[in-house]
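Colleague: Quick one: the structure is below, questions incoming.
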Amino acid sequence: MAYLGRLMLRPSRRKSKWLPTLTRLQRNFASEHEQKTVRVGCASGFWGDTPTAAPQLIHHGKLDFLMFDYLSEITMSLLTAARAKKPDLGYAPDFVLFALGPYLNEIKRKGIRVVSNAGGINPEACAAALRQASKKAGVELKVGVVSGDDLMVQREAALEGATPTHNIHPASVHSLNAYLGAGPIARALDQGADVVVTGRCADSSMALGPLMHTFGWHGTDYDQLAAGSLAGHLIECGAQVTGGIFTDWHIVPDWHNIGFPIAEVDSSGRIVITKPAGTGGLISTGTVSEQLLYEIGDPRAYILPDVVCDFSRVQMQEVKDGVMVTGAKGSSPTDSYKVTATYMAGFKATAVCCVGGRRSGEKGRRTAEAILARSRTIFKTLGLPDFQRTHVQVLGAEDTYGPHASGGEGPREGVVWMSVQHLEKRALDLFAREIAAAGTGMAPGLTAIVGGRPKPSPLLKMQSLLVGKDTCQVTITTDEYSESFTSMTPDCVPASTYNFADQPTSKVHELPSGPNSYRLEELALTRSGDKGNSCNIGVVARHPALYPYLCQTLTSSAIAQYFAHVFPPGVDPLQYVKRYEVPGIHGLNFVLEESLGGGGVASLRSDPQGKAFAQMLLDFNLTNLPELNSICS
1 MAYLGRLMLR
11 PSRRKSKWLP
21 TLTRLQRNFA
31 SEHEQKTVRV
41 GCASGFWGDT
51 PTAAPQLIHH
61 GKLDFLMFDY
71 LSEITMSLLT
81 AARAKKPDLG
91 YAPDFVLFAL
101 GPYLNEIKRK
111 GIRVVSNAGG
121 INPEACAAAL
131 RQASKKAGVE
141 LKVGVVSGDD
151 LMVQREAALE
161 GATPTHNIHP
171 ASVHSLNAYL
181 GAGPIARALD
191 QGADVVVTGR
201 CADSSMALGP
211 LMHTFGWHGT
221 DYDQLAAGSL
231 AGHLIECGAQ
241 VTGGIFTDWH
251 IVPDWHNIGF
261 PIAEVDSSGR
271 IVITKPAGTG
281 GLISTGTVSE
291 QLLYEIGDPR
301 AYILPDVVCD
311 FSRVQMQEVK
321 DGVMVTGAKG
331 SSPTDSYKVT
341 ATYMAGFKAT
351 AVCCVGGRRS
361 GEKGRRTAEA
371 ILARSRTIFK
381 TLGLPDFQRT
391 HVQVLGAEDT
401 YGPHASGGEG
411 PREGVVWMSV
421 QHLEKRALDL
431 FAREIAAAGT
441 GMAPGLTAIV
451 GGRPKPSPLL
461 KMQSLLVGKD
471 TCQVTITTDE
481 YSESFTSMTP
491 DCVPASTYNF
501 ADQPTSKVHE
511 LPSGPNSYRL
521 EELALTRSGD
531 KGNSCNIGVV
541 ARHPALYPYL
551 CQTLTSSAIA
561 QYFAHVFPPG
571 VDPLQYVKRY
581 EVPGIHGLNF
591 VLEESLGGGG
601 VASLRSDPQG
611 KAFAQMLLDF
621 NLTNLPELNS
631 ICS
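Every letter in the sequence shown is one number past the one before it in UniProt numbering, and letter 485, counting from 1, is 485.
Laid out in structure tokens, this is it:
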């Protein structure tokens, strides 16, 4: 660009001999950074997603870039265990074997470039396996690797400087990974990588990186970076934005052939969410709005490594073949990376037993109590300590609904879910032996132990921390090139800059009342998801006219009272609930902290990620309302 600038400053009184060169250089620069739109598809929302997504998008998506998201917090810990057994593991082999490997010739021919966090805790090994696969397929493939998120080698120093510390002992840490940003991905693409393999990074970075590379967005183009991050956030969970797990699931066609998402983005940051023609699923303002609120906290300050996003005023409009999304705003990034630590906290075992006949819920609970009591007797005899935690529920008897269960005798069949935690594996082996005995010495109707006798497994707790960006030594490597990367700039601000207060009450005008009651499902869409041991529930009004009534009724206090049974016993639930307004999509976002019984692998519940919380909230009863159908017409 400096050379182009020098040419433009050259004075001349006649037609310059440099004019054709200047015009060509300008045209080349424009074609590189002012491409009208970029199409980014997502073929995986998690490790284990369907392998049918990749060929659908490769063959029919008309893509420029294809991203694969494989990692969750717990996945990192599982990959750490895999690498401990075999040094060349620690990545998602599905990426090479099933998702991308069979289609290397096709992506090369079509010029599709790929970004994936399949590298897990060993991105170099993943890249090596991919190079071997490309050589076998006869495809010349340039692979870029982004590393530096794994902080295990320097865990003592990282934990010492982390906030908050939570007194995690370095020796107990199982994995420690920073969420890197899009900058290194963009840089690897700048160096000509056909495929970029990363370890832990913010999921949305896998879409933002290609957009930064294509459009030449800089680190201070905050609104564009926020829009690119939103595009990535909307598609990172695969088919969830194209009708998967949608509140109105019954209107979504052809689940077996559901279309995987594509974000079509222009240089200004305008987004259109679409999918390949002829596929199933559904794209509407409803499906996209649900996904916007999925697994976020404060919509005014969605903190990512490259930018802090404000999604509260985002607008959506249905257009041909998709939904147009605009209005994301961005501001300076923070000086910290989010870091997830997992550490050992004993062992757990879960028994799942079927029970039939009348009063099956009551029978199932009494059976579980007897098994736990007998196990405790054995522990006492052998000098073993008691369980650290126990959890019993009967699926089918609506135990997850707590006081909101429908009541009565309950179903005539159910499933007993009994999960326990103990410091010693031997104790859980003894517990597991007592499960089978229940079939002869306790309640009638026990029909099966699902999966057989439970096997104890390590219980890994998760903790999120903040670590200074200068702690991470990020490296970008291609076949013949290597460089260090830093995202710490003078524009970075402390994370506390964005510690905004929640919005527990809404400033709405006096609304008319009436004798009518409505289930929330009649007025709104909902979606819930997890962040560690916290769950968020997004609520979106079915019509703009209904939004004031949601704001008035769905207060922090009302939600805390409704979900009081999911919080730790003996606490005020209200202290764990935060509410945020999202007027751009006529929505509300609730964050329920400490509500998942430990979250992930650490939880003993049947719903450790809070996926059913939104479904439970659909039964919330809104009372003293006017006739709302006339308001919406």
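For each residue, glycine too, the CB sits at the ideal point set by N, CA and C.
Tell me whether the beta-carbon of I283 lies closer than 8 Å to the beta-carbon of N536.
Modeller: Walking along the sequence shown from the start, residue 283 turns up at place 283. Walking along the sequence shown from the start, residue 536 turns up at place 536. No, the Cβ-Cβ distance between I283 and N536 is not below 8 Å.
Colleague: Quick check on the DSSP output: the beta strand (DSSP E) that includes Y481 runs from which residue to which?
Modeller: The residue you call residue 481 lines up with position 481 of the sequence shown. 481-485 is the extent of the beta strand (DSSP E) around Y481.
Colleague: What's the gap between the Cα of D491 and the Cα of P333?
Modeller: Walking along the sequence shown from the start, residue 491 turns up at place 491. Walking along the sequence shown from the start, residue 333 turns up at place 333. For D491 and P333, the distance between alpha carbons rounds to 7 Å.
Colleague: For the beta strand (DSSP E) that contains Y337, what are its first and last residues?
Modeller: Indexing the sequence shown from 1 puts residue 337 at position 337. It spans 336-356 - the beta strand (DSSP E) in which Y337 sits, taken as one unbroken run.
Colleague: Determine the burial state of C237: buried for a count of at least 16 other Cβ atoms within 10 Å of its Cβ, exposed for fewer.
Modeller: On the sequence shown, residue 237 is found 237 positions in, with the first residue counted as 1. Classification of C237: buried, given that the 10 Å Cβ count is 16 or more.
Colleague: Do you know how far the Cα of A43 is from the Cα of D203?
Modeller: Position 203 of the sequence shown, counted from the start, is the residue given in the question as residue 203. Position 43 of the sequence shown, counted from the start, is the residue given in the question as residue 43. C-alpha separation (whole angstroms): 13 Å.
Colleague: In the DSSP assignment, the beta strand (DSSP E) including residue 634 goes from what residue to what residue?
Modeller: Missing from the structure shown is residue 634; the chain here goes from 1 to 633 and no further.
Colleague: Just to confirm the assignment, what range does the beta strand (DSSP E) spanning P512 have?
Modeller: Taking the first residue of the sequence shown as position 1, residue 512 is located at position 512. Per DSSP, P512 belongs to no beta strand (DSSP E) and is neither H nor E.
Colleague: Is the Cβ-Cβ distance between L574 and S557 less than 8 Å?
Modeller: For the purposes of this step, residue 574 is taken as the residue at position 574 of the sequence shown. For the purposes of this step, residue 557 is taken as the residue at position 557 of the sequence shown. Yes, they are a contact pair.
Colleague: At the level of alpha carbons, what is the spacing between L384 and M344?
Modeller: Translated into positions along the sequence shown, residue 384 becomes position 384. Translated into positions along the sequence shown, residue 344 becomes position 344. About 19 Å.
Colleague: Reducing DSSP to helix, strand and coil, say where L208 ends up.
Modeller: Counting from one through the sequence shown, the residue named residue 208 turns up at place 208. Looking at L208 - three-state DSSP - the assignment turns out to be helix.
Colleague: Where does N105 sit, in a helix, a strand or coil, going by DSSP?
Modeller: Position 105 of the sequence shown, counted from the start, is the residue given in the question as residue 105. Helix.
Colleague: Quick one: using the 10 Å Cβ neighbour count with 16 as the cut-off for buried, is E318 buried or exposed?
Modeller: On the sequence shown, residue 318 is found 318 positions in, with the first residue counted as 1. Counting Cβ neighbours within 10 Å, E318 comes out exposed, since fewer than 16 surround it.
Colleague: Beta-carbon within less than 7 Å of S422's beta-carbon, same chain only, minus the 5 sequence neighbours each way: which residues are those?
Modeller: Taking the sequence shown and counting its residues from 1, the one referred to as residue 422 is at position 422. The sequence given here has His at residue 422, not Ser. Contacts found: G346, F347, F387, Q388, L428.
Colleague: Could you tell me which of T400, V352, F311, E413 sits nearest to A436, measuring between CA atoms?
Modeller: Here the question's residue 436 lines up with position 436 in the sequence shown. With distances taken between Cα atoms, A436 lies closest to V352.
Colleague: Quick check: D149 and C551, are their CB atoms within less than 8 Å of each other?
Modeller: Residue 149 sits at position 149 when you count from the first residue of the sequence shown. Residue 551 sits at position 551 when you count from the first residue of the sequence shown. No; because the gap between Cβ atoms is not below 8 Å, this pair is not in contact.
Colleague: What are the boundary residues of the beta strand (DSSP E) that includes F95?
Modeller: As a position in the sequence shown, residue 95 is number 95, starting the count at 1. Here F95 belongs to no beta strand (DSSP E), and DSSP marks it neither H nor E.
Colleague: Return the CA-CA distance between K108 and S134, expressed in angstroms with no decimal places.
Modeller: Here the question's residue 108 lines up with position 108 in the sequence shown. Here the question's residue 134 lines up with position 134 in the sequence shown. If you take the alpha carbons of K108 and S134, they lie about 10 Å apart.
Colleague: Are at least three pairs of beta-carbons, each pair with one atom in the segment 487-505 and one in the segment 186-198, less than 8 Å apart?
Modeller: As far as the Cβ criterion goes, the segment 487-505 does not touch the segment 186-198, which means the pair count is below three.
Colleague: Only counting the same chain, and skipping five residues up and downstream in sequence, which positions put a Cβ closer than 6 Å to that of S289?
Modeller: The count along the sequence shown starts at 1 and reaches residue 289 at position 289. Around S289: V540, I585.
Colleague: Answer with buried or exposed for Y222, where buried requires no fewer than 16 other C-beta atoms within 10 angstroms of its C-beta.
Modeller: Working through the sequence shown from its first residue, we reach residue 222 at position 222. So Y222 ends up on the buried side.
Colleague: Would you mind working out which of G610, L465, I476, T340 sits nearest T526, comparing C-alpha positions?
Modeller: In the sequence shown, the residue the question calls residue 526 occupies position 526. For T526, the nearest C-alpha among the options comes from G610.
Colleague: Bridge partners for C201 per DSSP, in chain order?
Modeller: Taking the sequence shown and counting its residues from 1, one reaches residue 201 at position 201. The partner list for C201 (beta bridge, DSSP) reads L180.
Colleague: How should P184 be labelled, buried or exposed, when 16 other C-beta atoms within 10 angstroms of its C-beta is the threshold for buried?
Modeller: Position 184 of the sequence shown holds residue 184. Buried is the call here.
Colleague: What is the DSSP secondary structure of M316, counted as helix, strand or coil?
Modeller: Your numbering for residue 316 matches position 316 in the sequence shown. If DSSP states are grouped into helix, strand and coil, M316 belongs with the strands.
Colleague: How many angstroms separate the CA atom of M442 from the CA atom of T381?
Modeller: Numbered from 1 along the sequence shown, position 442 holds the residue referred to as residue 442. Numbered from 1 along the sequence shown, position 381 holds the residue referred to as residue 381. C-alpha separation (whole angstroms): 22 Å.
Colleague: Starting from V392 and walking both ways along the beta strand (DSSP E), at which residues does that stretch end?
Modeller: For this step, residue 392 is matched to residue 392 along the sequence shown. Element bounds for V392: 389-395.
Colleague: Just checking, does the segment 217-236 make contact with the segment 323-333 on the three C-beta pairs under 8 Å criterion?
Modeller: Yes: the two stretches touch, three or more of their Cβ pairs being nearer than 8 Å.
Colleague: Take H543 and list the residues in its own chain whose beta-carbon comes closer than 7 Å to its own, dropping the five residues that flank it on each side.
Modeller: Against the sequence shown, residue 543 aligns to sequence position 543. Contacts found: C632.
Colleague: If we define contact as Cβ-Cβ less than 8 Å, is V272 a contact residue for chain B?
Modeller: Absent from the structure is chain B; it holds one protein chain and no more.
Colleague: Grouping DSSP H, G and I as helix and E and B as strand, with all else coil, what is I121?
Modeller: Working through the sequence shown from its first residue, we reach residue 121 at position 121. If DSSP states are grouped into helix, strand and coil, I121 belongs with coil.
Colleague: Could you pull out every residue in the same chain whose Cβ sits closer than 8 Å to the Cβ of D248, ignoring the five residues on either side in sequence?
Modeller: Reading the sequence shown from its first residue, position 248 is the one you call residue 248. Once the five neighbours on either side are set aside, the close Cβ partners of D248 are G286, L525.
Colleague: Checking 8 Å against the spacing of the C-beta atoms, do A349 and V420 come in under that value?
Modeller: By 1-based counting over the sequence shown, the position of residue 349 is 349. By 1-based counting over the sequence shown, the position of residue 420 is 420. It is a contact, given that the beta carbons lie within the stated cut-off.
Colleague: With a threshold of 8 Å on Cβ separation, who are the neighbours of P515 within its own chain once the five nearest residues in sequence on each side are excluded?
Modeller: Taking the sequence shown and counting its residues from 1, one reaches residue 515 at position 515. The answer, listed in chain order, is N624.
Colleague: Quick one: residues in its chain with C-beta nearer than 8 Å to the C-beta of P444, no 5 flanking neighbours on either side, listed in chain order?
Modeller: Walking along the sequence shown from the start, residue 444 turns up at place 444. Taken in chain order, the residues that qualify are G357, K363.
Colleague: Report the three-state DSSP secondary structure of T21 (helix, strand or coil).
Modeller: The count along the sequence shown starts at 1 and reaches residue 21 at position 21. Because T21 sits at a pLDDT of 39, beneath the cut-off of 50, its placement in the model cannot be relied upon, and the following sentence gives the value as read from the coordinates. Looking at T21 - three-state DSSP - the assignment turns out to be helix.
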